[in-house]
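J.: In this note's numbering, the protein residues as written are 58 to 112. Note that CB positions come from ideal geometry on N, CA and C, so glycine has one too.
1) For residue 96, which residues in the same chain have their Cβ closer than 7 Å to its Cβ, ignoring the five residues on either side in sequence?
2) Any beta-carbon of chain D closer than 8 Å to the one on residue 82?
3) I need the DSSP call for residue 61, collapsed to helix, strand or coil.
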């Protein structure tokens, strides 16, 4: 049986520089969005779990 390597469908460009920069920016953006989402989610859960202070 012969094993043939299937090339991954990667765009043809300078992978080292462009991909590294794009991945870095993408990861930072994704990190910021995730942190903001978790902050809002945690705040909503905190409000939901807090006992209502009837004044």
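T.: Let me lay it out:
1) none
2) Absence of chain D from the displayed structure is noted, only one protein chain being present.
3) coil
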